[in-house]
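Participant: One structure follows; several queries about it will come next.
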Amino acid sequence: MIYAIQKFRGPLMIVLAIILVSCSGSRNPTVQTGSVQRLLEGQPNFTFEAVGGFDSDGLPVIYIDIEVMEGSLIYAESDGIYSAKFTLDYEVFRMADDDMVQALRSEREQHEITGTDRTISDSGDYYRISKIIPARPGDYRINITVIDNRSDKRTSFTKNTSIFDPGTERNQITSIRVISFSEEHPTGAPITTYDIPGRVDSLAFQFYVSRTTTERPSYVHTRLIRFESDTDVPLSMSNPMPRQGSLAYRGINYNRYEVIEQSIRTLDTETGQILIELIIPLPEQGNYRFEAFMSDSREFEPGASTNFKARDFSPRSYSFPKIRTIREMARSLTYLQTQRENENLLSIEDDNKLKLEMDRFWIDNLRNSNKARSVINLYYTRVEEANKQFSGIKEGWMTDMGMIYILFGPPWYVDRFHDRIRWIYGYDSSDPYRVFYFRISRLESRSFPFNHYVLLRDQFYHTVEYQRRQDWLNGIVLTRPF
1364 MIYAIQKFRG
1374 PLMIVLAIIL
1384 VSCSGSRNPT
1394 VQTGSVQRLL
1404 EGQPNFTFEA
1414 VGGFDSDGLP
1424 VIYIDIEVME
1434 GSLIYAESDG
1444 IYSAKFTLDY
1454 EVFRMADDDM
1464 VQALRSEREQ
1474 HEITGTDRTI
1484 SDSGDYYRIS
1494 KIIPARPGDY
1504 RINITVIDNR
1514 SDKRTSFTKN
1524 TSIFDPGTER
1534 NQITSIRVIS
1544 FSEEHPTGAP
1554 ITTYDIPGRV
1564 DSLAFQFYVS
1574 RTTTERPSYV
1584 HTRLIRFESD
1594 TDVPLSMSNP
1604 MPRQGSLAYR
1614 GINYNRYEVI
1624 EQSIRTLDTE
1634 TGQILIELII
1644 PLPEQGNYRF
1654 EAFMSDSREF
1664 EPGASTNFKA
1674 RDFSPRSYSF
1684 PKIRTIREMA
1694 RSLTYLQTQR
1704 ENENLLSIED
1714 DNKLKLEMDR
1724 FWIDNLRNSN
1734 KARSVINLYY
1744 TRVEEANKQF
1754 SGIKEGWMTD
1764 MGMIYILFGP
1774 PWYVDRFHDR
1784 IRWIYGYDSS
1794 DPYRVFYFRI
1804 SRLESRSFPF
1814 NHYVLLRDQF
1824 YHTVEYQRRQ
1834 DWLNGIVLTR
1844 PF
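Take this note's numbering: the final residue in the sequence shown is number 1845, and no numbers are missing along the way.
This is how it looks when you write it as structure tokens:
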């Protein structure tokens, strides 16, 4: 019997607790962001989305979409088959003034994931479950719990949603459900997260509007916008601090955006619950918002409408959160190269030549193929872990926290203060060469589900950064943790 190895260790859990706590708080209920992907050590990991809407017959329902990370479960092997079993508990409560007044649904299901490849125990793929729950108009709270049957560890999350009453004599609109289409899922797969891997070909945004009269036309407005945001790799640890008003410091500017696409649909004779669906090719990497609202005017004035809904999302690299393509691997090598070296590497257009140049880089530095394989495995494992832990405005490996995590590993201790976080490597919290501070950059949005952390840079980190890079390039990192 073979059990999956759980990669993460204790110190990282402190980081996770801080990030998860910081993600809570007041949000704009008209803007959805999807679930936040944060890997929890030793526990089943999943994300889910709950959207109130209507079925094809116009009856009110709640769409519940769940994605369980296959590699977060414990597997057993029997006759060459690897299997993991888990229990899914889901509860749906009707709400009134934030109090649960009625249990609409409470069920338990058993699920099993099987495969013949041992790597399934470390897979970043997702096992998908979708439910359609009949419901009456109103407000609802959905509790989802996933229990690993072998470890008995459990993870729970809660979301709220609502279904409008179609009997009222006014225009109304539901929240937005997102469906992705790809070679892997040609018929579509629901998206539950803010992050969307680049291997997705297109996205469908689905929502319902309600209309009770044909006395005058109604207009359904939609718009896709891209916010100005930081898409660069971090500055060096010894660089001057970015200005507080700069994009490198703020991360994202919700006041500046580009309109990518805008449309209007006129409703003249249609009444009842009307499904609206817009399909777009997956945009390039960035931070986007799909907006929809309904009004009696052809003018695009979302601020004047009470029927405004939006869904934020961010396309990522092709294999996200994994690092699989040669260009993904080359780009994330930036922490072990100078800026010019990495730019020259990425300028190689032929992927085969790029792979040869990367192989040459590792062998020239490490002088031993076995050692090179071990260092490469450790480095890209850290990159993937950073993606799973610190992704927000951009991919986790590109953040300040991701940079420090990749180079130095999980911190020994983590302290949280009012506006900053301290990572300590070692027992002496007064040693400036083994302590890193991150300042929380406040975002001007109630809808963004992440905080943005900025490393407090200093010139004396130049020696620390240089020496740590040499530890990687000569293989010392394998035997001498920071």
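No residue lacks a Cβ here, since even glycine has one placed at the ideal position from N, Cα and C.
Quick caveat: nothing in here was measured; it's all calculated off a predicted structure.
By DSSP, does residue 1670 sit in helix, in strand, or in coil?
Facilitator: Coil, per DSSP.
Participant: Where does residue 1379 fall in DSSP's three states?
Facilitator: Only weak support exists for where residue 1379 lies, its pLDDT of 43 falling under 50; the coordinates are left without a value.
Participant: By the 10 Å Cβ neighbour count, where 16 or more other Cβ atoms means buried, how is residue 1759 classified, buried or exposed?
Facilitator: The residue in question, residue 1759, is buried, as its Cβ has 16 or more Cβ neighbours within 10 Å.
Participant: For residue 1825, count the other beta carbons within 10 Å of its own beta carbon; 16 or more makes it buried, fewer makes it exposed. Which is it?
Facilitator: Residue 1825 is exposed by the Cβ-count criterion.
Participant: Does the pairing of the region 1739-1749 with the region 1684-1701 give three or more beta-carbon distances under 8 Å?
Facilitator: Segments in contact, yes.
Participant: If you draw a straight line from the C-alpha of residue 1814 to the C-alpha of residue 1510, how long is it?
Facilitator: Cα-Cα distance, rounded: 29 Å.
Participant: Taking all protein chains shown into account, decide if residue 1586 is buried (16 or more other Cβ within 10 angstroms of its Cβ) or exposed.
Facilitator: When all chains shown are included, residue 1586 counts as buried.
Participant: Kindly confirm or deny that the region 1643-1654 and the region 1586-1599 touch, where touching means at least three C-beta pairs closer than 8 Å.
Facilitator: With the cut-off at 8 Å, the region 1643-1654 and the region 1586-1599 touch.
Participant: Restricting to runs no shorter than 3 residues, where is the beta strand (DSSP E) found entirely within the region 1417-1451?
Facilitator: Counting whole runs of 3 or more residues, the region 1417-1451 contains the beta strand (DSSP E) stretches 1423-1432, 1439-1441.
Participant: Along the alpha helix (DSSP H) that carries residue 1818, what are the first and last residues, could you check?
Facilitator: Residue 1818 -> not in any alpha helix (DSSP H); beta strand (DSSP E) instead, spanning 1815-1818.
Participant: What's the C-alpha gap between residue 1517 and residue 1508?
Facilitator: Taking the straight line from one Cα to the other gives about 7 Å.
Participant: My understanding is that residue 1630 touches residue 1660, with C-beta atoms under 8 Å, so please give their C-beta distance in whole angstroms.
Facilitator: Actually they do not touch by this definition, with Cβ atoms about 13 Å apart.
Participant: Between which two residues does the alpha helix (DSSP H) carrying residue 1611 extend?
Facilitator: That run of the alpha helix (DSSP H) goes 1610-1613.
Participant: Once DSSP output is grouped into helix, strand and coil, what is the label at residue 1479?
Facilitator: Residue state, collapsed to three classes: coil.
Participant: When you compare each of 1559, 1405, 1503, 1472 to residue 1460 by their alpha carbons, which one comes out closest?
Facilitator: Selected option, being the one with the closest Cα: 1503.
Participant: Figure out for me which residue from 1625, 1633, 1610, 1472 has the closest Cα to the Cα of residue 1579.
Facilitator: Ranking the options by Cα distance to residue 1579, first place goes to 1633.
Participant: With DSSP collapsed to three states, give me the class of residue 1747.
Facilitator: Correct three-state label for residue 1747: helix.
Participant: Taking residue 1574 as part of the beta strand (DSSP E), name the residues at either end of that continuous run.
Facilitator: Note, residue 1574: beta strand (DSSP E), 1565-1574.
Participant: Identify which residue in 1488, 1624, 1821, 1646 has its Cα closest to the Cα of residue 1548.
Facilitator: Per the Cα distances, 1488.
Participant: What distance in whole Å lies between the Cβ atoms of residue 1784 and residue 1777, which are believed to be in contact at a cut-off of 8 Å?
Facilitator: Right, the Cβ-Cβ distance comes to about 7 Å (below 8 Å), so this counts as a contact.
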